[in-house]
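Report on the following structure.
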Amino acid sequence: MEEPLYPKTERLRLADYLQRVLENNSTIQARLAGFHSSRSLLKAEDGLYEPAFVGSTEWVDRKRPNTIEIERSLRSGGEFIERNWTYGAGVEVRTPIGGRVRIGASGRELRNNVQRTVIVDLDAEYELSADALVEQPLLKNAGWNVTYAPRRMAARTAELAFQDYRHDLMQIIAQAETAYWELSLAQEQVRLSRDSVKIAQTLLDDNRARFAAGRGAELDVLESQAGLAMRQSRLSAARQRHVEAINRVAVYFGGWPQSDGFQYETTQSPQVTPVSVEQLRGGESVLAQSPNLLRAYSQVEQEKIRVKVAKNQRLPQVDLTGAFATSGLGYDWKSSYTDVEKINFPQWRVGLQMRVPLLAGIRERNELTAARQRLLQAERNARELEVQVRTELDAAVRRVEATATTARSNRAGAEFRAALLRDRLKAREAGRMETRIVLEAEQELLQARLELLDSEVEFQRTLLELQVLKGSLLKNRGVELSMEELQKKTRDWMRTPGVPLDALRYQAPTNIPTPSATE
Numbered sequence: 429m430e431e432p433l434y435p436k437t438e439r440l441r442l443a444d445y446l447q448r449v450l451e452n453n454s455t456i457q458a459r460l461a462g463f464h465s466s467r468s469l470l471k472a473e474d475g476l477y478e479p480a481f482v483g484s485t486e487w488v489d490r491k492r493p494n495t496i497e498i499e500r501s502l503r504s505g506g507e508f509i510e511r512n513w514t515y516g517a518g519v520e521v522r523t524p525i526g527g528r529v530r531i532g533a534s535g536r537e538l539r540n541n542v543q544r545t546v547i548v549d550l551d552a553e554y555e556l557s558a559d560a561l562v563e564q565p566l567l568k569n570a571g572w573n574v575t576y577a578p579r580r581m582a583a584r585t586a587e588l589a590f591q592d593y594r595h596d597l598m599q600i601i602a603q604a605e606t607a608y609w610e611l612s613l614a615q616e617q618v619r620l621s622r623d624s625v626k627i628a629q630t631l632l633d634d635n636r637a638r639f640a641a642g643r644g645a646e647l648d649v650l651e652s653q654a655g656l657a658m659r660q661s662r663l664s665a666a667r668q669r670h671v672e673a674i675n676r677v678a679v680y681f682g683g684w685p686q687s688d689g690f691q692y693e694t695t696q697s698p699q700v701t702p703v704s705v706e707q708l709r710g711g712e713s714v715l716a717q718s719p720n721l722l723r724a725y726s727q728v729e730q731e732k733i734r735v736k737v738a739k740n741q742r743l744p745q746v747d748l749t750g751a752f753a754t755s756g757l758g759y760d761w762k763s764s765y766t767d768v769e770k771i772n773f774p775q776w777r778v779g780l781q782m783r784v785p786l787l788a789g790i791r792e793r794n795e796l797t798a799a800r801q802r803l804l805q806a807e808r809n810a811r812e813l814e815v816q817v818r819t820e821l822d823a824a825v826r827r828v829e830a831t832a833t834t835a836r837s838n839r840a841g842a843e844f845r846a847a848l849l850r851d852r853l854k855a856r857e858a859g860r861m862e863t864r865i866v867l868e869a870e871q872e873l874l875q876a877r878l879e880l881l882d883s884e885v886e887f888q889r890t891l892l893e894l895q896v897l898k899g900s901l902l903k904n905r906g907v908e909l910s911m912e913e914l915q916k917k918t919r920d921w922m923r924t925p926g927v928p929l930d931a932l933r934y935q936a937p938t939n940i941p942t943p944s945a946t947e
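As C-alpha cells, this is what we get:
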C-alpha cells in the first residue's frame with residue numbers, strides 16, 4: 429500500500445479552507461492595515477478646526493544705558509533697569525471658510541527703577557488687556573473648496589485604499605479557490621494514474637501467465653512491460669504535481685505541510701453548472717462593482733479637487749484683518765482688571781493686506797495648467813479602463829461559455845472511452861483482442877478523463893476570473909462590506925493583529941457543488 433505524503437491527513441471543505449484563508453492570509457491583513465491607516469488619516473483631517481489653547485509666560489531682566497534724551501524724560505540716574513513678568517493665554521480656531529479667530533488676554537507685571545522716582549513706595553504696575561482678532565482671506569485661500577480640500581483628498585485616498593483592499597481580497601480568494609480545485613485535480617490525477625498502473629500490471633501478469641502456459645506471445649509481455657513503465661512514470665509525475673498542489677493550498681493560509689506534517693485533501697470536486705449568458709453578463713450595473721474602475725473614478729475626483737484648489741491659488745491674495753482690544757493699568761491686578769471689564773480704553777483695528785505677483789503668478793499659473801493636465805490624464809485613463817473592462821467582460825463571458833461546452837464534450841468523450849475499454853477487455857478475455865489495442869484504449873480513456881478534469885477546473889477558473897472582473901466575487905461569497913462596516917468589524921483586530929482575522933465570514937455561493945458522495 430502506498431504511504432501517504434505526510435503523517436497526518438486533513439480533509440478540507442472549500443468553505444472551511446477559504447475561511448482559514450480569510451483569517452490568516454498576510455496579504456489580506458496588510459491591505460486591511462493600509463485601509464485603517466488611510467481612515468485614521470481621514471479622521472486626522474477633522475482636527476483642522478479643533479480649537480487650540482495658546483499660553484505663554486516670559487521673565488525679562490534687563491539693564492540698558494539711557495541716552496541724554498531718554499534720561500531727561502526718565503531721570504533714572506543714567507540707566508534703565510527693569511524686571512518684568514509677561515503672561516499670555518488665548519484660544520485660536522480656524523474657520524471653515526479659511527479664516528482664523530483668536531480670543532485671548534495678556535498681563536504684564538512691570539518693575540523698574542523709574543517707578544519709584546514718581547511714587548516712592550510703588551512696588552509694581554500691572555497691565556492687563558483682552559483682545560479678539562479675526563483674519564479672513566477674501567480671494568486666495570478663501571472658501572470651502574480650499575479649506576476642505578485636504579479632508580476631501582484624504583477621503584479619496586481612503587477610498588483608493590479600500591478599493592486596493594477589495595481588489596487584493598478578490599485576487600486572494602480567486603487564487604485560493606483555484607488552488608483548491610487544482611489540488612482536487614492533482615488528487616484525481618494520482619488516483620487515475622494509480623488505477624492505470626493497476627490495469628497495466630494486471631495485463632502484464634496475465635500475459636506472463638499465458639506465455640508461460642504456451643498460450644501467448646512474448647511480444648504481448650514486452651508490450652505490457654512497456655505500457656506499465658510508461659504509466660509508472662506518469663504516476664510519479666502526478667505525485668509530484670500533487671505535492672506542489674498541497675503546498676499551493678497551504679501557502680494561502682500560512683501553512684507549511686512539511687513542517688506541520690499535514691497532507692491536505694479536498695472533499696469537493698469541480699463541476700460545470702449551467703449558467704445563462706444574461707446571468708454572466710449581469711447588465712451594465714456590474715461596472716459599479718469593479719474595484720479597478722472605482723479606483724480610477726476616485727483618482728479623477730482627486731484631480732478635480734486639485735484643479736479647484738489650483739484655480740483659487742491664481743487669485744490675488746487679499747486678506748481682511750480686524751481686531752478689538754481693551755486694556756487696563758493699575759497698581760495691582762484687580763484695579764487693572766477693572767479698566768478691562770469697563771472697557772475704559774477700547775481699541776479697534778481694521779485693515780486690508782493685498783499681495784499680487786508682478787509677473788501674473790508664474791508658479792500658480794503653471795500649477796493650474798499641470799492640475800488640468802493631470803485631470804485630463806485621469807479622465808482618459810478611466811475611460812480607457814472602462815472600455816477595457818467592457819471588452820474583457822465580453823471575452824470572459826465567452827471563455828466561460830466555451831469552457832462549459834468543452835467540459836460537456838469531454839464528459840461525453842470520457843464516457844464513450846470508458847465503454848470502449850470495457851468492450852475491449854471483454855474481447856481480450858475471450859481471446860479476440862490484442863494487448864496493444866487494450867492498452868491503447870486504456871490510454872485514450874485516461875487521457876479523456878484527464879482532459880475532463882482539466883476542463884472542469886478551467887471552467888471554475890474562468891468563472892472566478894469573470895467574477896473578479898465584474899467585482900461581484902466578494903458579494904457572491906458574503907464578504908462584501910462597506911468602508912464603515914469593514915472599519916467597525918475589524919477595529920478590534922487592529923488592536924491585536926497577531927490573532928486570526930475572524931471578522932470576515934465566508935459564505936459558499938450557490939454555484940459551488942456540495943461535497944461529493946465519496947467524501
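For the numbering used here, add 428 to where a residue sits in the sequence shown, where the first one is 1.
Glycine included, C-beta positions come from ideal geometry on N, C-alpha and C.
Assign residue i to one of three DSSP states: helix, strand, or coil.
i	result
Thr495	coil
Asp444	helix
Val746	strand
Tyr515	strand
Gly462	helix
Val828	helix
Tyr692	strand
Ile531	strand
Glu587	helix
Glu769	helix
Trp609	helix
Under 8 Å by Cβ, that's how I've got residue i and residue j pegged, so tell me the actual separation to the nearest angstrom.
i	j	result
Leu573	Val728	Correcting the residue identity first, residue 573 is Asn in this sequence and not Leu. Not really, about 17 Å apart at Cβ, beyond 8 Å.
Asn904	Glu879	Contact flag wrong, Cβ pair sits at about 28 Å.
Leu597	Leu632	Not really, about 52 Å apart at Cβ, beyond 8 Å.
Leu787	Leu721	Wrong, their Cβ atoms sit about 42 Å apart, outside the cutoff.
Val562	Gly527	7 Å
Output the distance between the C-alpha atoms of residue i and residue j, rounded to the nearest integer angstrom.
i	j	result
Val966	Tyr680	Because the chain spans 429 through 947 in this model, residue 966 falls outside it and cannot be assessed.
Met429	Met658	Because the pLDDT of Met429 is 45, which lies under 50, any placement of that residue in the model is unreliable, and the number read from its coordinates should be weighed accordingly. Their Cα atoms are separated by approximately 20 Å.
Asn794	Glu807	20 Å
Val625	Gln660	6 Å
Thr455	Leu715	25 Å
Phe481	Ala443	55 Å
Ala842	Leu620	13 Å
Glu886	Val735	47 Å
Arg638	Gly644	5 Å
Leu853	Glu646	19 Å
Ala586	Tyr759	59 Å
Leu914	Ala931	8 Å
Asn569	Asp474	18 Å
Gln875	Thr606	22 Å
Arg511	Gly518	24 Å
Pro941	Ser465	Residue placement at Pro941 cannot be trusted, given a pLDDT of 44 that sits under 50; what the coordinates show is reported in the next sentence. Each residue's alpha carbon lies about 39 Å from the other.
Ser534	Pro925	49 Å
Tell me which same chain residues have a C-beta within less than 6 Å of the C-beta of residue i, skipping the five on either side of it?
i	result
Glu870	Ile627 and Leu849
Ala560	Ile531 and Phe752
Leu881	Leu613 and Glu616
Glu651	Thr863 and Arg864
Ala678	Pro685
Asp822	none
So, for residue i: in the same chain, excluding its five sequence neighbours on each side, which residues have a beta-carbon less than 8 Å away from its beta-carbon?
i	result
Gln599	Val896
Gln935	Ala443, Arg905, Gly906 and Val907
Ser944	Model confidence at Ser944 stands at a pLDDT of 39, short of 50, so the residue's coordinates are unreliable; what they give is reported in the following sentence. Thr695, Gln696 and Ser697.
Can you give me the start and stop residues for the beta strand (DSSP E) that residue i sits inside?
i	result
Ala560	Glu553 to Pro565
Gly382	Lying before the first or after the last residue shown, residue 382 is absent from the chain, which here runs from 429 to 947.
Pro774	Pro774 to Arg783
If you follow the alpha helix (DSSP H) that residue i is in, where does it begin and where does it stop?
i	result
Leu787	Looking at the DSSP string, Leu787 is not in any alpha helix (DSSP H), and its letter there is neither H nor E.
Glu879	Thr863 to Lys898
Tyr576	Per DSSP, Tyr576 belongs to no alpha helix (DSSP H) and is neither H nor E.
Asn540	Neither: Asn540 is in no alpha helix (DSSP H) and is coded neither H nor E.
Asn904	Leu901 to Asn904
Trp921	Met911 to Arg923
Val728	Pro719 to Gln741
Closer than 7 Å by C-beta to residue i: which residues in its own chain qualify, once you throw out the five before and the five after it? Chain order, please.
i	result
Gln543	Leu550 and Glu553
Trp776	Phe752
Arg522	Leu476, Tyr477 and Arg528
Arg580	Ile733
Thr831	Ser883, Glu886, Phe887 and Thr890
Ala583	Leu470
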